[in-house]
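To keep things clear, I will list the structure first and then write my remarks on it.
Next up, the structure:
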C-alpha cells in the first residue's frame, strides 16, 4: 500500500489534475490523502466531489490555513501505507510513476526509493509548456551506511535531495522516530530529508522522471522574495554539514560537492536581492552582496569548491573573486534572465 499525500490551499485551478493523476495510477494499491488547508476558493468543493467518486480518497478538512508543513504532518499522521509520498496540488504525475519507482526497488523493500522529475515552465495561463527539462539520477541500490550518507550530497548536487514529492518513504520509520516537517519556508523538505537520512540503511534510486514539477513564467523565484533567504541557505548548509561531520565524512570530494551547491545558493541569494519586492537600491544590493561574500560559510565554500559542470565552474570563478561589484553585476544579469518572458534562464539550464 502506498499513501499519496496531497496538501491543497486555494488550488481550484490545478488540484483536479493533480488528484486525477494519482487516481489513474497503474499501481492501484493506493490511498490518496488530501488535506484542504483552509482554502477560501472552490478547492474544497472540487475535492468533496472527487472524494465521493473514489473510496481510496481520504479528505482532511481544515478550517484555518496552517501552512504546507502542518498540512503534510496531518496527512502523515493518518497514513496507513507501507510507503508514503507527496504530491503538490499544482503538479501532476505520469500514470506509471508509482509503479516505476517500485520496479526500480526490485522488491528489496528499501528504506527510501528516490526518482527524478520533469521540470515544466508553463506560460502565464498554464496552458502551454515553454520549457521541459528532465532532472534525473542514476538507477542504483545502496545498502552501506557510509555510501548512503555520501549519496545525500550526490543527490543534492543533482537537484533531487531537497524534494519530498519524488521519494517513497517507509511510513514506519517516520512514525517510529516521530519525524515531522518543520515550519521553515523553502527548506522544510530539505530539513525533513536530512532527518530521515539518519535512519535509513538501504535506498534504491530510479531514472524515472514521471513527477511533473510545474512552474508558470509569472512565478520566477525573485518575485517570491524572502528577506531571510541567505539565512535559510546557511541553515540548509549547517544541516547537511552536521549530518556528514557526525559520521566523519565531511572531507575530500564530499566537502567539495557541498561547497559547489552552497555557492550556487549564495548567488541565488544575490539574484533575489535584485527583485522588485526586495526594494533595495543599488548601494543596498552591493552592501548585501558584500555581506554574503564575507560570511564564514561563503569563505569556506570558496576555499573548497571545484566545479564539475560548466554552470558550477562559471559560478565558482565569479564567486571566488570575492568582488562584490562583479558578483552583483552577474546576479543582476541572471535576475533579468530569470524574469524574462521567454523563460531564457530555464532554457539555458
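Numbering (this note's numbering), first residue to last: 64 to 412.
In this text, a Cβ means the ideal position worked out from N, Cα and C, and glycines have one as well.
Beyond the five residues adjoining it in sequence on each side, residue 376 comes within less than 7 Å, by CB distance, of 370 in the same chain, given in chain order.
Bounds of any beta strand (DSSP E) do not take in residue 388; it lies within the alpha helix (DSSP H) bounded by 387–401. Proximity of the segment 241–249 to the segment 125–134 meets the contact definition, three or more beta-carbon pairs being nearer than 8 Å. Separation of residue 179 and residue 154 (C-alpha to C-alpha, rounded to the nearest whole angstrom) is 14 Å. DSSP places residue 275 in the strand class (E or B) of the three-state scheme. By the Cβ neighbour-count rule, residue 233 is buried, with 16 or more other Cβ atoms within 10 Å of its own. In the DSSP assignment, residue 196 falls within the unbroken beta strand (DSSP E) covering 192–198. When secondary structure is reduced to three states using DSSP, residue 264 falls in the coil class, being assigned neither helix nor strand.
Bounds of the beta strand (DSSP E) holding residue 182 are 180–185. Runs of alpha helix (DSSP H) with 4 or more residues, each lying fully within the segment 354–379, are found at 359–367, listed in chain order. In the three-state DSSP reduction, residue 234 falls in the helix class (H, G or I). Residue 398 is a Cβ neighbour of residue 337, given a cutoff of 8 Å. In the three-state DSSP reduction, residue 96 falls in the strand class (E or B). Distance between residue 363 and residue 118, taken at the CA atoms: about 53 Å. Within the same chain, 245, 247 and 302 come within 7 Å of residue 254 by CB-CB distance, once the 5 residues on both sides are set aside. DSSP lists 98 as the bridge partner or partners of residue 70. Looking at the DSSP output, residue 175 shares a beta bridge with 232 and 266.
For residue 224, the closest C-alpha among the options 81, 351 and 324 is that of 324.
Excluding residues up to 5 positions away in sequence, 337 lie with their Cβ nearer than 7 Å to the Cβ of residue 395 in the same chain. Ranked by Cα distance from residue 388, the options 358, 204, 351 and 403 are led by 351. An exposed status is given to residue 392, since fewer than 16 other beta-carbon atoms sit within 10 Å of its beta-carbon. Taking all protein chains shown into account, residue 68 has 16 or more neighbouring C-beta atoms within 10 Å of its C-beta and is therefore buried. For residue 156 against residue 71, the beta-carbon gap comes to about 15 Å, at or over 8 Å, which does not count as contact.
In this structure, the alpha-carbon of residue 83 lies about 20 Å from that of residue 146.
Between residue 317 and residue 213 the beta-carbon gap is near 6 Å, inside 8 Å, which marks them as a contact.
Boundaries of the beta strand (DSSP E) around residue 148: 146–149. Its Cα nearest to that of residue 241, the residue 139 stands out among 348, 139 and 74. The C-beta separation of residue 176 from residue 269 comes to about 7 Å, placing the pair in contact by the 8 Å criterion.
Take the alpha-carbon of residue 182 and the one of residue 277: they are about 6 Å apart. With respect to residue 331, residue 368 sits apart: the two C-beta atoms are not nearer than 8 Å. Out of 159, 64 and 279, the CA that lies nearest to the CA of residue 191 is found in 279. The alpha-carbon of residue 291 is positioned some 12 Å away from that of residue 329.
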